[in-house]
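Chemist: Quick one: structure below, then a few questions.
There are 2 protein chains.
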Amino acid sequence: MPRFVSRTPAITDVAKLAGVSVPTVSRVLTGSVPVSTERRERVLRAIQELGYRPNGAARALIKGHQSVIAVLAGATTRYGYALTIQGIEEAARLAGYIVMITVIEAEDPDTVTKTIDLALANPVAGVIVLKFDPAGIATVRAMPSGVPVVAVAGSRGSGVPHVVLDDTTAAMTATDYLLQLGHRTVHHIAVPLAGRRSGRSAGWRKALERAGAEIPPLMEAGWDPHRAYEIGLTLADRDDVTAVLCGNDELAIGLLRALHEKGRRVPDEISVVGFDGHPLGALWSPALTTVQQDFVDVGRRAFREVVAMIGNEQPPQNSSGTPHLVIRESSGPPPEAKRR
Amino acid sequence: MPRFVSRTPAITDVAKLAGVSVPTVSRVLTGSVPVSTERRERVLRAIQELGYRPNGAARALIKGHQSVIAVLAGATTRYGYALTIQGIEEAARLAGYIVMITVIEAEDPDTVTKTIDLALANPVAGVIVLKFDPAGIATVRAMPSGVPVVAVAGSRGSGVPHVVLDDTTAAMTATDYLLQLGHRTVHHIAVPLAGRRSGRSAGWRKALERAGAEIPPLMEAGWDPHRAYEIGLTLADRDDVTAVLCGNDELAIGLLRALHEKGRRVPDEISVVGFDGHPLGALWSPALTTVQQDFVDVGRRAFREVVAMIGNEQPPQNSSGTPHLVIRESSGPPPEAKRR
DNA sequence: CACACGGATGATAACGTTTTCATGGGAGGC
DNA sequence: GCCTCCCATGAAAACGTTATCATCCGTGTG
Numbered sequence: 001m002p003r004f005v006s007r008t009p010a011i012t013d014v015a016k017l018a019g020v021s022v023p024t025v026s027r028v029l030t031g032s033v034p035v036s037t038e039r040r041e042r043v044l045r046a047i048q049e050l051g052y053r054p055n056g057a058a059r060a061l062i063k064g065h066q067s068v069i070a071v072l073a074g075a076t077t078r079y080g081y082a083l084t085i086q087g088i089e090e091a092a093r094l095a096g097y098i099v100m101i102t103v104i105e106a107e108d109p110d111t112v113t114k115t116i117d118l119a120l121a122n123p124v125a126g127v128i129v130l131k132f133d134p135a136g137i138a139t140v141r142a143m144p145s146g147v148p149v150v151a152v153a154g155s156r157g158s159g160v161p162h163v164v165l166d167d168t169t170a171a172m173t174a175t176d177y178l179l180q181l182g183h184r185t186v187h188h189i190a191v192p193l194a195g196r197r198s199g200r201s202a203g204w205r206k207a208l209e210r211a212g213a214e215i216p217p218l219m220e221a222g223w224d225p226h227r228a229y230e231i232g233l234t235l236a237d238r239d240d241v242t243a244v245l246c247g248n249d250e251l252a253i254g255l256l257r258a259l260h261e262k263g264r265r266v267p268d269e270i271s272v273v274g275f276d277g278h279p280l281g282a283l284w285s286p287a288l289t290t291v292q293q294d295f296v297d298v299g300r301r302a303f304r305e306v307v308a309m310i311g312n313e314q315p316p317q318n319s320s321g322t323p324h325l326v327i328r329e330s331s332g333p334p335p336e337a338k339r340r
Numbered sequence: 001m002p003r004f005v006s007r008t009p010a011i012t013d014v015a016k017l018a019g020v021s022v023p024t025v026s027r028v029l030t031g032s033v034p035v036s037t038e039r040r041e042r043v044l045r046a047i048q049e050l051g052y053r054p055n056g057a058a059r060a061l062i063k064g065h066q067s068v069i070a071v072l073a074g075a076t077t078r079y080g081y082a083l084t085i086q087g088i089e090e091a092a093r094l095a096g097y098i099v100m101i102t103v104i105e106a107e108d109p110d111t112v113t114k115t116i117d118l119a120l121a122n123p124v125a126g127v128i129v130l131k132f133d134p135a136g137i138a139t140v141r142a143m144p145s146g147v148p149v150v151a152v153a154g155s156r157g158s159g160v161p162h163v164v165l166d167d168t169t170a171a172m173t174a175t176d177y178l179l180q181l182g183h184r185t186v187h188h189i190a191v192p193l194a195g196r197r198s199g200r201s202a203g204w205r206k207a208l209e210r211a212g213a214e215i216p217p218l219m220e221a222g223w224d225p226h227r228a229y230e231i232g233l234t235l236a237d238r239d240d241v242t243a244v245l246c247g248n249d250e251l252a253i254g255l256l257r258a259l260h261e262k263g264r265r266v267p268d269e270i271s272v273v274g275f276d277g278h279p280l281g282a283l284w285s286p287a288l289t290t291v292q293q294d295f296v297d298v299g300r301r302a303f304r305e306v307v308a309m310i311g312n313e314q315p316p317q318n319s320s321g322t323p324h325l326v327i328r329e330s331s332g333p334p335p336e337a338k339r340r
């Protein structure tokens, strides 16, 4: 088992052991300027022997430019969050950047500023904030100026550049689809709000308004599928509920479980539509109709955008993601339409 | 929209604007030594005005110790991986560390060394490798010495300190449980191997051997639930298959879907047991019996271990996680046992 | 009144690397 | 054989911050 001695070897140690000057070692490392074969050999051997590894901090200091992107997010394990981070990491790695992840545990100003300070205490080239929830919104608001920041969100916003998945349109598409199947109205189990006038719940409401349909009270389930399950148990007893749009697929699955337990048939009696395109949704019985979002792509776009900001370049044309409705087994016409 | 000027303000600019010396600005920033109220005011105003932000690279350079933990993983979005990373991040943030994530895309030596170099080009205090798959194994093997490294794995290993979830015991527990229910043998759909003599598949085999049960050929499904679904379609036609242990819950769900489509009743005709304790498994119909693993905790333990290595301290007592079997609806006695 | 003491402050060194600049030597052209 | 040019090499500067040390001033004590 290796011991980690108090002082890690520095470039001077390598130079001394190899019998060359410090810049020569540096030249061997960077390969910027040719070094005679014999000296290079000696240097490489010394590096090997000492287990030398260049100090990144010193390098970053002199180079001036950083190559770390900080990602601030309210969570990392939820499907959409994890996939967005995957997209960022992938694009970053291919471009030679490294991704730092920091979770914003709460939305109170104290936690938010403390977390931002922790993240920005490190040499960071740019920041990407996942603005999918209240904590994300508070973070974007509290970000100090002077650092390139990009927000990833379900809808456009102001202050910093936004890279978006059009949640509002997506929710409208799903709601319209259910209305066109003949449902009088669509109920909605919501994830935490990420904006009052935009986002999934807003799209749902807008579509109902436009169609002149009744707008049932919004049911908030947070992020917990079990909460959606509980809501589902009460919903199952109601005849007037024929279609439910869920804020994400996890909630939809909780709801499906409750309806199944209560013996309600999906989609014959109740239609359920989820949100996100969670891969397990396709394996459910009935397979979940959902609005698929390309989270990985939005992550990539966010990275490209923040890199453009770092370089003071023109940002790439920022198309918003085009969500598409994946119709599977959990949705269909309402019972009264069938009876006719 | 803010512009990012070519030269970001440095501490000298702040000192000049505030009319104080550079160390005084530093003292205001760190709070290490008291500064007169009047000067502090001037400094803070100058910082505000210039939008000054200390250069982390310079700080890291002089402090000598880094506060970044690099996490190398074969994936980030899969349930176990994501939760382990969550545990690491949480523990790290509370201790004032920051987590860098880098994905090892493939297991070939070229990709592995290139990715390691990318990650270690940054100032890193320690490294945690998620050794859940072949890529992780290759990474641990290729890690240069001199850097504190901890592996998170399903079983103990050599070379670097390991923090483990005891997958082998866990798989044996699950297999024993099924055998005790009366199943003649247990089939197994496996995730990619993380060691030939240990891990989930090894535990399954060991339990069968010990019980003197027939050892059916192992079915490899990779990480893809759809592959498990396809395997399930063929399995559904066989009478001799009464119990299946799956390498993770996603595979189990794919299998359940296939059995459902084929009209096979679970658990009456076939028992299915998953692995991990995925929260959606509890919402399945039938709810999935699974081996719950505390991934978040193993992440926390890995962080504590790597911090101990950094400080050359005695590592905390490294208990392995105690997985426990969560019996739900998808498992029960085989059909012949019922008939009697 | 002399002296010691302590707190705030500034000058300077230090961290480990890369870059810039100067130097020396060898090869090639006349 | 001499001059020029180029290439490899080393010395020194630079990056932005914190740590160390010395200095100065004011205050309290004998």
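Going line by line, the protein sequences match chains A and B. Residues 1 to 340 in the UniProt record's numbering are what the first sequence spells out, letter by letter. Residues 1 to 340 in the UniProt record's numbering are what the second sequence spells out, letter by letter. We put the CB at the ideal spot given by N, CA and C, even for glycine. Values in this document were obtained by computation on a predicted structure and should not be read as measured data.
Measuring only between beta-carbons, confirm whether Gln180(A) sits less than 8 Å from chain B.
Modeler: Not closer than 8 Å to any Cβ of chain B, the Cβ of Gln180(A) fails to qualify, so no.
Chemist: What residues of chain A sit near Gln48(B), judged by a beta carbon separation below 8 Å?
Modeler: Going along chain A, no residue has its Cβ under 8 Å from Gln48(B), so there is no contact; the nearest lies around 10 Å.
Chemist: Give the interface partners of Thr102(A) over in chain B, defined as CB-CB distance under 7 Å, in chain order.
Modeler: The contacting residues are Arg93 and Ile98.
Chemist: Is Asp276(A) helix, strand or coil by DSSP?
Modeler: Strand, per DSSP.
Chemist: Unbroken alpha helix (DSSP H) runs of length 4 or more, entirely within the segment 217-244 of chain A: which are they?
Modeler: As far as the segment 217-244 of chain A is concerned, its whole alpha helix (DSSP H) runs of at least 4 residues are 225-235.
Chemist: Suppose the cutoff is 6 Å on Cβ atoms and the five residues either side in sequence are ignored; what does the same chain contact list for Gly19(A) look like?
Modeler: Excluding sequence neighbours, Gly19(A) sits near nothing in its chain.
Chemist: Using CA coordinates, which residue listed in Leu61(B), Arg156(B) and Ile137(B) is at the minimum distance from Pro109(B)?
Modeler: Here the closest residue by C-alpha is Ile137(B).
Chemist: Note down, one range per segment and in chain order, each beta strand (DSSP E) of at least 3 residues found wholly within the segment 55-93 of chain B.
Modeler: 68-73, all fully within the segment 55-93 of chain B.
Chemist: Under a Cβ-count criterion, where at least 16 other Cβ atoms within 10 Å of its own Cβ denotes burial, should Ser67(B) be classed as buried or exposed?
Modeler: Looking at its Cβ environment, which holds 16 or more other Cβ atoms inside 10 Å, Ser67(B) is buried.
Chemist: How far does the alpha helix (DSSP H) with His183(B) in it extend, from its first residue to its last?
Modeler: Run containing His183(B): none; DSSP gives neither H nor E here.
Chemist: Out of curiosity, what's the CA-to-CA distance linking Met100(B) and Val99(A)?
Modeler: So the alpha carbons of these two residues sit roughly 6 Å apart.
Chemist: Quick check: is the beta carbon of Pro144(B) nearer than 8 Å to any beta carbon in chain A?
Modeler: So yes, Pro144(B) belongs to the interface.
Chemist: Where in the segment 101-139 of chain B do unbroken runs of the beta strand (DSSP E), each at least 3 residues long, occur, reported from the N-terminal end onward?
Modeler: As far as the segment 101-139 of chain B is concerned, its whole beta strand (DSSP E) runs of at least 3 residues are 126-131.
Chemist: Identify, in the order they occur along the chain, each residue of the same chain with its Cβ nearer than 8 Å to the Cβ of Leu178(A), setting aside the five sequence neighbours on each side.
Modeler: Once the five neighbours on either side are set aside, the close Cβ partners of Leu178(A) are Val186, Ala243, Leu245, Ser271, Val273 and Ser331.
Chemist: Tell me which same chain residues have a C-beta within less than 6 Å of the C-beta of Val149(A), skipping the five on either side of it?
Modeler: Cβ within range, chain order: Val127, Met143 and Val160.
Chemist: Which one or two residues does DSSP pair with Ser271(B) in a beta bridge?
Modeler: Ala243(B).
Chemist: What whole-angstrom Cβ distance do Tyr81(B) and Phe132(B) have, given they're in contact under 8 Å?
Modeler: Sure, about 7 Å apart at Cβ, within 8 Å.
Chemist: Would you say Gln293(B) reaches chain A, if we count a Cβ-Cβ gap shorter than 8 Å as a contact?
Modeler: Taking Cβ atoms only, chain A never reaches closer than 8 Å to Gln293(B), which makes this a no.
Chemist: Buried or exposed, going by whether 16 or more other CB atoms sit within 10 Å of the CB of Gln293(B)?
Modeler: It counts as buried.
Chemist: If you count every other CB in all the chains shown that lies within 10 Å of the CB of Gly212(B), and 16 or more means buried, which is it?
Modeler: It is exposed - the Cβ of Gly212(B) has fewer than 16 other Cβ atoms within 10 Å.
Chemist: Nearest-angstrom Cα distance between Asn122(A) and Ala58(B)?
Modeler: Roughly 10 Å between the two C-alpha positions.
Chemist: Report all residues from its chain with a CB closer than 6 Å to the CB of Lys262(A); omit the five preceding and five following residues, and keep chain order.
Modeler: The answer, listed in chain order, is Ala236.
Chemist: Runs of 4 residues minimum, wholly inside the segment 289-316 of chain A: which ones carry the alpha helix (DSSP H) assignment?
Modeler: The qualifying runs are 295-310.
Chemist: Under a Cβ-count criterion, where at least 16 other Cβ atoms within 10 Å of its own Cβ denotes burial, should Gln314(A) be classed as buried or exposed?
Modeler: That one is exposed.
Chemist: Buried or exposed: Thr12(B), going by 16 or more other Cβ atoms within 10 Å of its Cβ?
Modeler: Per the 10 Å Cβ criterion, exposed.
Chemist: Can you tell me where the beta strand (DSSP E) holding Leu325(A) begins and where it ends?
Modeler: Segment His324 to Val326, the beta strand (DSSP E) holding Leu325(A).
Chemist: By alpha-carbon positions, which one of Ala170(B), Glu230(B) and Val14(B) ends up nearest to Ser201(B)?
Modeler: When only C-alpha atoms are compared, the closest one is Ala170(B).
Chemist: Can you tell me the Cα-Cα spacing of Leu325(B) and Ala207(B), whole angstroms?
Modeler: When rounded, the distance between both Cα atoms is 15 Å.
Chemist: Counting only C-beta atoms, is Ala308(A) closer than 8 Å to chain B at any point?
Modeler: No, its Cβ sits nowhere closer than 8 Å to a Cβ of chain B.
Chemist: For chain A, check one thing: does any of its Cβ atoms lie closer than 8 Å to the Cβ of His183(B)?
Modeler: No, its Cβ sits nowhere closer than 8 Å to a Cβ of chain A.
Chemist: Over the uninterrupted alpha helix (DSSP H) stretch that includes Val15(B), give me the two end residues.
Modeler: Looking at the sequence shown, residue 15(B) is not Val but Ala. Ala15(B) -> alpha helix (DSSP H) spans Ile11 to Ala18.
Chemist: Under 8 Å, Cβ to Cβ, is there at least one residue of chain B near Gly56(A)?
Modeler: Yes - at least one Cβ of chain B is within 8 Å of the one on Gly56(A).
Chemist: Ignoring anything shorter than 4 residues, give me the alpha helix (DSSP H) runs that lie fully in the segment 147-206 of chain B, in order along the chain.
Modeler: Entirely contained in the segment 147-206 of chain B, the alpha helix (DSSP H) runs reaching 4 residues are, in chain order, 167-180.
Chemist: Over the uninterrupted alpha helix (DSSP H) stretch that includes Glu214(A), give me the two end residues.
Modeler: That residue, Glu214(A), is in no alpha helix (DSSP H); it is neither H nor E in DSSP.
Chemist: Spell out whether any CB of chain B is found under 8 Å from the CB atom of Ile253(A).
Modeler: With 8 Å as the cut-off, Ile253(A) counts as an interface residue toward chain B.
Chemist: Let's test the definition: count the other Cβ atoms within 10 Å of the Cβ of Thr30(A) and tell me whether it reaches 16, buried, or not, exposed.
Modeler: Its Cβ having fewer than 16 others within 10 Å, Thr30(A) is exposed.
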